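**Q**
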Amino acid sequence: MMKAKLFALSVFSFSLFGVEPKLAKQEEAKDETGGDLTNALVAQLASLSSGGNELNVDYGGQSRRLMITVPKKLGRQGTHPVLFCFHGAGGKADGPSRRWSPHADKRGLIVISAEAVQPLAKWNFRDGFHAEEHDDVGFVLKVVEALISGKLADPGAVYATGHSSGGLFCYRLAKQTDVFAALAPMSCGMVKGAHDPDAKTIPVPILQVIGDQDKSFKGSSNPKVTMYSAARRMEVWRKFNQCSVRPEITGQGEELEVHTFTSPSGLEVVLCKAKGQGHFLRSDLRDKADSLALDFLLKHRKS
2 MMKAKLFALS VFSFSLFGVE PKLAKQEEAK DETGGDLTNA LVAQLASLSS GGNELNVDYG
62 GQSRRLMITV PKKLGRQGTH PVLFCFHGAG GKADGPSRRW SPHADKRGLI VISAEAVQPL
122 AKWNFRDGFH AEEHDDVGFV LKVVEALISG KLADPGAVYA TGHSSGGLFC YRLAKQTDVF
182 AALAPMSCGM VKGAHDPDAK TIPVPILQVI GDQDKSFKGS SNPKVTMYSA ARRMEVWRKF
242 NQCSVRPEIT GQGEELEVHT FTSPSGLEVV LCKAKGQGHF LRSDLRDKAD SLALDFLLKH
302 RKS
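Numbered per the working numbering, the sequence shown spans residues 2 to 304.
1. For the beta strand (DSSP E) that F87 lies in, which residues bound it at each end?
2. Are S165 and G220 closer than 8 Å when you measure CB to CB?
3. Within 10 angstroms of its Cβ, does S114 collect 16 or more other Cβ (buried), or is it exposed?
4. Which two residues bound the contiguous alpha helix (DSSP H) that contains I149?
5. Taking the C-alpha atoms as reference points, what is the distance between W101 and C86?
6. If you draw a straight line from the alpha carbon of K73 to that of L46, how long is it in whole angstroms?
7. What three-state label does DSSP hand S114 in the structure shown?
8. State yes or no: is the C-beta of T70 within less than 8 Å of the C-beta of S98?
9. Does the beta-carbon distance from H196 to Y172 come in below 8 Å?
10. According to DSSP, is E258 helix, strand or coil?
11. Write down the C-beta distance between T202 and L184 rounded to the nearest angstrom, noting that I regard them as a contact closer than 8 Å.
12. Taking all protein chains shown into account, decide if A182 is buried (16 or more other Cβ within 10 angstroms of its Cβ) or exposed.
13. State the CB to CB distance for the pair G168 and A122, rounded to an integer number of angstroms; the pair is presumed to be in contact (CB under 8 Å).
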């Protein structure tokens, strides 16, 4: 993990209806080992208010932005499920925040829309792929550590989803980390070799949402990377999670087809196929798939 010698944090409150952000608090923390950053993050997270908040963190010498939506009704300390959402290549945190933050109150969860380092704005889903490389995994793990240390997050109920580049990043998180109870990559591929679970990987439930007209559905290959097809990546994780060979197939209306592979211990690998849809699902289908994904995520807990 990268070491950062200076971390600057600032917290803003923001309105989802377009009101300009208002600076609420600012603080700096020097750090050589990462401990001071965790403490500073814990303090800043404790000051979050219900509704929208914006947190800027200097990590690894780069500015990192988090848009955090807190539900109006908070339970006791440490009982909040947390959903991380990651934008696609070239995006910002605003889009996923608008998409997922309405579920904060509906589901009683904290929604964190993270932003990749700008202006590249691409998640480091595999080392050696982008011209610039940043410790995105380390940054996310640091935020999770602070959420748990500050008694804000339920350590057994931390989840992740992402679109396109953000979905690819979810597969990296699934392979390399053990903090997520379940993940839902969307409209993305899965990198052969880089994302295959290995001896260090902890089994984890995964739901993939993808349109059958998305270029990633059938897989692809170029000199830099080979992407598994949707069927192949489900097979990779099905075997690793020791799930049944035959899926249960259900329909969510006529255009969403759900294939669920289940293990004896309750681990699931799920493919949600959007028929006739490309890289961006039609808005009503996207909303339905998002609700399905949240149902899937929230029923799983990390032991």
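All C-beta atoms, glycine included, are put in the ideal place defined by N, C-alpha and C. These figures come from a predicted structure and were not determined experimentally.
**A** Per the coordinate set shown:
1. Per DSSP, F87 belongs to the beta strand (DSSP E) from 81 to 87.
2. Taking 8 Å as the Cβ cut-off, S165 and G220 do not qualify as a contacting pair.
3. Buried, by the Cβ-count rule.
4. 137 to 150 is the span of the alpha helix (DSSP H), which, as asked, contains I149.
5. Straight through space, the alpha carbons of C86 and W101 are spaced by roughly 8 Å.
6. Looking at the two C-alpha atoms, the distance is approximately 15 Å.
7. Strand at S114.
8. It is a contact, given that the beta carbons lie within the stated cut-off.
9. Annotated as proximal: H196 and Y172, with beta-carbon spacing under 8 Å.
10. Residue state, collapsed to three classes: strand.
11. The pair is not a contact, with the Cβ atoms about 12 Å apart (cut-off 8 Å).
12. So A182 ends up on the buried side.
13. Not a contact, Cβ separation roughly 15 Å.
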